[in-house]
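Numbered according to our numbering, the sequence shown spans residues 809 to 1317.
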Amino acid sequence: MAAPRDGALTVTVPEPRPVVRAAHRSPVGSRWMRRLDRTADRGALWAVVAGGLFASGRGPRRRAGVRGVMAAAATSAIAHALAKPLLPRARPWGRRFPSAHAASSSAFVTAAAMESPLVGAALAPVAVGVSAARVVLGERTVEDVVAGAVLGTGVAVLTRRWWPVVRHAPARARPAGDAPALGDGSGLVVVANTSAGSPGPLETIGQIVAPVLGVEPDEDEDRAPAPPSVIHDVLPRAQVIVPEPGVDFVEEVDAALDRPAPDGGAPRAIGVAGGDGSVAALAGLAQRRRVPLVVLPEGTLNHFARDVGIDDTPTALAAARDGEAVLVDVGVVDISDGDGDQRGVAFVNTASLGGYPDMVRMREGWEDRWGKWPSAAFALMRVLAEATPLTVELDGKRRTIWLLFVGNGGYEPRGMAPLFRPRLDARKLDVRYLRADVPFSRTRFVVSVMAGTLSRSRVYVAHSRTRLSVRVLGPPIGLATDGEVQPDADRFVFRIAPGAIPVYRPSEV
809 MAAPRDGALT
819 VTVPEPRPVV
829 RAAHRSPVGS
839 RWMRRLDRTA
849 DRGALWAVVA
859 GGLFASGRGP
869 RRRAGVRGVM
879 AAAATSAIAH
889 ALAKPLLPRA
899 RPWGRRFPSA
909 HAASSSAFVT
919 AAAMESPLVG
929 AALAPVAVGV
939 SAARVVLGER
949 TVEDVVAGAV
959 LGTGVAVLTR
969 RWWPVVRHAP
979 ARARPAGDAP
989 ALGDGSGLVV
999 VANTSAGSPG
1009 PLETIGQIVA
1019 PVLGVEPDED
1029 EDRAPAPPSV
1039 IHDVLPRAQV
1049 IVPEPGVDFV
1059 EEVDAALDRP
1069 APDGGAPRAI
1079 GVAGGDGSVA
1089 ALAGLAQRRR
1099 VPLVVLPEGT
1109 LNHFARDVGI
1119 DDTPTALAAA
1129 RDGEAVLVDV
1139 GVVDISDGDG
1149 DQRGVAFVNT
1159 ASLGGYPDMV
1169 RMREGWEDRW
1179 GKWPSAAFAL
1189 MRVLAEATPL
1199 TVELDGKRRT
1209 IWLLFVGNGG
1219 YEPRGMAPLF
1229 RPRLDARKLD
1239 VRYLRADVPF
1249 SRTRFVVSVM
1259 AGTLSRSRVY
1269 VAHSRTRLSV
1279 RVLGPPIGLA
1289 TDGEVQPDAD
1299 RFVFRIAPGA
1309 IPVYRPSEV
């Protein structure tokens, strides 16, 4: 028996029990287990399972695959790089403690179950089989397998510290009692933004990188906007506008509100089939014209629709038909530059200054080739490497920052990247920024995120406001609102628009 290295802890256990050796000699008892054991070598089994989850489903199943493969990879690295060298097993057949197969299997299944209990339940027998095979084949002892399972489960649970498990219950909001029931769609003007969405071949990689970027992985990246026929199936008399490329569809809808509908009736509501950027543009118009809004989640990013509780287009159309709606706040940023030009831009989710607008510009230049989320990851790395501090005045107080985030309503979790909001009618702004006047601020930020201590970090500031004034002390910069980059400016005033707008959603949500 080889002597352990100096300073290492040696764990000695007796040789496997006779029943294990007997099972190992039985071809009937071990043939299928040997095949299962081989497929689990180097994590191949779980990589295939993760790929299947990517390809077969959206939402919880896809996130289950992402979290599972991340946990399994981290567990394997810990088992081989730390646990085995520190805890060498002294025994005749020369294996080491703990079982990496059991560790990776437990990590994958536990992590997957956090996102989708059904996926976890389906995979649990496979993980048990992999662990049992190590014992039956004489490759590991029961103690090895149990230790590996404990390690894997622990690592899976720890993934929650930097990637919280979010149950996407719709946000709360007050009912809108005066929203008209549109019946057959008479009086509804809907714009179908055919430019929404730009999927690429590597879009599913975004399920891994999106949490790092501070956004929730999108569940509907490969949709195309609903054709007019889908809308007319539920609301046959709705007026559907399909704008030409480059045409301002907000102006088209605004003009349509000033003239009678094709059936002679008066316009009573507007709708949009598209992503968050399109929804924000129409939400601003709905707020100005005091009309209800129908949101059809047909874009690349549908975060607002998800928060409202609209999972698909038929759900939204049915709510509009029946007159079921809630009141939702609209954020507005008044933008002005040195020339005195001023304009108001609506946003329904978030707005940000600093490195994020630059990241969006780079992403848009690469996404046709690589897809949106991989391009966003590469752009973020480049922006962080080349970023320079931004000197601003926040409500008259001078600050040096890397990034400023403004949310329409209070987002959760407070100490991590904002992922969801519990209310749509909070009448407040969620203001967060990353300080640049603290030594090693970017490094400390990353360490705090990984350790789950961001809420206690000196480099991260978060608070609520009803209004925020920002003056850039330097060259004008771009502002990003709901993923859309606005022209450069040096003064920004964020506020909540007066009067919430009715947004249609089913009453049972």
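C-beta: ideal position from N, C-alpha, C; glycine also. In this text, all values refer to a predicted model and were calculated from it rather than measured experimentally.
CB contact flag (Ile805, Val1141, <7 Å): In the structure displayed, the chain extends from 809 to 1317; residue 805 sits before or after that span and is not available.
Starting from Phe1112, trace the alpha helix (DSSP H) both ways and give me its first and last residue. The residue labelled residue 1112 in the question sits at position 304 within the sequence shown. For Phe1112, the enclosing alpha helix (DSSP H) covers residues 1111 to 1116.
Report all residues from its chain with a CB closer than 8 Å to the CB of Ser1265; omit the five preceding and five following residues, and keep chain order. Along the sequence shown, read from residue 1 onward, the residue named residue 1265 stands at position 457. Only Arg1252, Phe1253, Ser1256 meet the Cβ criterion.
Contact set for Val950: own chain, Cβ-Cβ below 8 Å, skip 5 residues either direction: Locating residue 950 in the sequence shown gives position 142, where the first residue counts as 1. Closer than 8 Å at the Cβ level, and outside the excluded window around Val950, lie Val943.
For Pro983, the residue or residues it bridges with in DSSP: Looking up residue 983 in the sequence shown gives position 175. Its beta-bridge partners are Val1134.
Below 8 Å, how does it come out for the region 1187 to 1204 and the region 1268 to 1283: are there three or more Cβ pairs, yes or no? Contact holds: three or more Cβ-Cβ distances are below 8 Å.
Spatially closest choice to Asp992 from Thr967, Val1061, Asp1041, by CA coordinates: Residue 992 sits at position 184 when you count from the first residue of the sequence shown. Among Thr967, Val1061, Asp1041, the Cα nearest to that of Asp992 is on Asp1041.
Quick one: what's Val936 bridged to in DSSP? Position 128 of the sequence shown holds residue 936. For Val936, which the question treats as bridged, DSSP gives no partner whatsoever.
Have a look at Arg1235 and Ala1154 and give me their C-alpha separation to the nearest angstrom. Position 427 of the sequence shown, counted from the start, is the residue given in the question as residue 1235. Position 346 of the sequence shown, counted from the start, is the residue given in the question as residue 1154. Rounded to the nearest angstrom, the two C-alpha atoms are 15 Å apart.
Just mark Leu1262 as buried or exposed, buried being the case when its beta carbon has 16 or more other beta carbons within 10 Å. For the purposes of this step, residue 1262 is taken as residue 454 along the sequence shown, with counting starting at 1. Answer is buried; the Cβ neighbour count reaches 16.
Using only alpha-carbon positions, find the residue among Arg870, Ala880, Gly860 that is nearest to Gly851. By 1-based counting over the sequence shown, the position of residue 851 is 43. Measuring from the Cα of Gly851, the nearest candidate turns out to be Ala880.
Looking only at DSSP bridge pairs, what is Gly1082 linked to? Residue mapping note: residue 1082 aligns to position 274 of the sequence shown, counting from 1. Answer is Pro1105.
Apply the 10 Å Cβ neighbour rule to Phe1302 and answer buried if 16 or more other Cβ atoms are within range, or exposed otherwise. Sequence index remark: in the sequence shown, residue 1302 carries index 494 (1-based). The residue is buried, with at least 16 neighbouring Cβ atoms inside 10 Å.
Kindly identify the DSSP beta-bridge partner or partners of Arg1299. Within the sequence shown, the letter at position 491 stands for residue 1299. According to DSSP, which records beta bridges pairwise, Arg1299 is partnered with Ser1144, Arg1279.
Whole angstroms are fine: how far does the CA of Asp1298 sit from the CA of Asn1001? Here residue 1001 refers to the residue found at position 193 of the sequence shown. Here residue 1298 refers to the residue found at position 490 of the sequence shown. Cα to Cα, the separation comes out at about 30 Å.
Leu966 versus Gly1139: straight-line alpha-carbon distance, rounded: Locating residue 966 in the sequence shown gives position 158, where the first residue counts as 1. Locating residue 1139 in the sequence shown gives position 331, where the first residue counts as 1. Taking C-alpha positions only, Leu966 is separated from Gly1139 by approximately 35 Å.
Touching or not, the region 1099 to 1115 and the region 1069 to 1084, by the rule of three or more beta carbon pairs under 8 Å? yes
At the 7 Å Cβ level, is Leu1135 part of the contact set with chain B, yes or no? No chain B appears in the structure shown, which is made up of a single protein chain.
According to DSSP, simplified to helix, strand and coil, what is Pro1310? Position 502 of the sequence shown holds residue 1310. Here Pro1310 sits in strand by DSSP.
Flag this pair as yes or no: are the beta carbons of Ser912 and Thr883 separated by less than 7 Å? Along the sequence shown, read from residue 1 onward, the residue named residue 912 stands at position 104. Along the sequence shown, read from residue 1 onward, the residue named residue 883 stands at position 75. Contact: yes.
How is the alpha helix (DSSP H) around Leu1065 delimited, first residue to last? Reading the sequence shown from its first residue, position 257 is the one you call residue 1065. Boundaries of the alpha helix (DSSP H) harbouring Leu1065: 1057 to 1065, taken from the DSSP string.
Where does Trp796 sit, in a helix, a strand or coil, going by DSSP? Any answer about residue 796 is impossible in this case: the structure gives the chain only from 809 up to 1317.
Count the other CB atoms within 10 Å of the CB of Pro1009; is the residue buried (16 or more) or exposed (fewer)? Within the sequence shown, the letter at position 201 stands for residue 1009. Because the pLDDT at Pro1009 is just 35, under 50, the model does not fix this residue reliably, and the point stays unresolved.
So is Gln1095 buried or exposed if we call it buried at 16+ other beta carbons inside 10 Å? In the sequence shown, counting from the first residue as 1, residue 1095 sits at position 287. Classification of Gln1095: buried, given that the 10 Å Cβ count is 16 or more.
Same chain, Cβ closer than 7 Å to Pro1306, five either side skipped, listed in chain order: Counted from its first residue, the sequence shown places residue 1306 at position 498. Excluding positions up to five away in sequence, the list is empty.
For Ile1304, count the other beta carbons within 10 Å of its own beta carbon; 16 or more makes it buried, fewer makes it exposed. Which is it? Here residue 1304 is taken as the residue at index 496 of the sequence shown, counted from 1. Classification of Ile1304: buried, given that the 10 Å Cβ count is 16 or more.
So Asp1119 packs on Leu1093, CB below 8 Å; how close in whole Å? Residue mapping note: residue 1119 aligns to position 311 of the sequence shown, counting from 1. Residue mapping note: residue 1093 aligns to position 285 of the sequence shown, counting from 1. With 8 Å as the limit, Asp1119 and Leu1093 do not qualify as a contact, their Cβ atoms being about 24 Å apart.
Pull the bridge partners of Val999 from the DSSP assignment, please. Locating residue 999 in the sequence shown gives position 191, counting from the first residue. Residue pairing of Val999 in beta bridges, as defined by DSSP: Ile1049, Val1080.
Determine, using beta carbons only, whether Ser924 and Ala872 come nearer to each other than 7 Å. The count along the sequence shown starts at 1 and reaches residue 924 at position 116. The count along the sequence shown starts at 1 and reaches residue 872 at position 64. Pairing Ser924 with Ala872 gives a Cβ-Cβ distance under 7 Å.
Three-state secondary structure (DSSP) of Leu1202: Along the sequence shown, one-based indexing puts residue 1202 at 394. Of the three classes helix, strand and coil, the one that applies to Leu1202 here is strand, per DSSP.
What residue from Asp1238, Ala955, Ala1126 has the CA that sits closest to Pro793's CA? Residue 793 lies beyond the residue range present for the chain, which begins at 809 and ends at 1317; the question has no answer from this structure.
To the nearest whole angstrom, what separates the beta carbons of Ile1285 and Leu1090, a pair I think is in contact under 8 Å? Your numbering for residue 1285 matches position 477 in the sequence shown. Your numbering for residue 1090 matches position 282 in the sequence shown. Taking 8 Å as the upper bound for CB-CB distance, Ile1285 and Leu1090 are not in contact here, some 26 Å apart.
Output the distance between the C-alpha atoms of Met1329 and Val954, rounded to the nearest integer angstrom. Since the first and last residues shown for the chain are 809 and 1317, residue 1329 lies out of range.
Within 7 Å, strictly: CB atoms of Ile1049 and Val999: Numbered from 1 along the sequence shown, position 241 holds the residue referred to as residue 1049. Numbered from 1 along the sequence shown, position 191 holds the residue referred to as residue 999. In contact: Ile1049 and Val999 (Cβ atoms closer than 7 Å).
C-beta contact flag for Leu853 and Gly937 at 7 Å: Here residue 853 corresponds to residue number 45 of the sequence shown, with the count starting at 1. Here residue 937 corresponds to residue number 129 of the sequence shown, with the count starting at 1. Not a contact, by the Cβ cut-off of 7 Å.
On the three-state DSSP scale, how would you describe Trp901? Locating residue 901 in the sequence shown gives position 93, counting from the first residue. Only weak support is given to the placement of Trp901: the predicted model assigns it a pLDDT of 49, under 50, and the value that follows is read from those uncertain coordinates. It is coil, neither helix nor strand.
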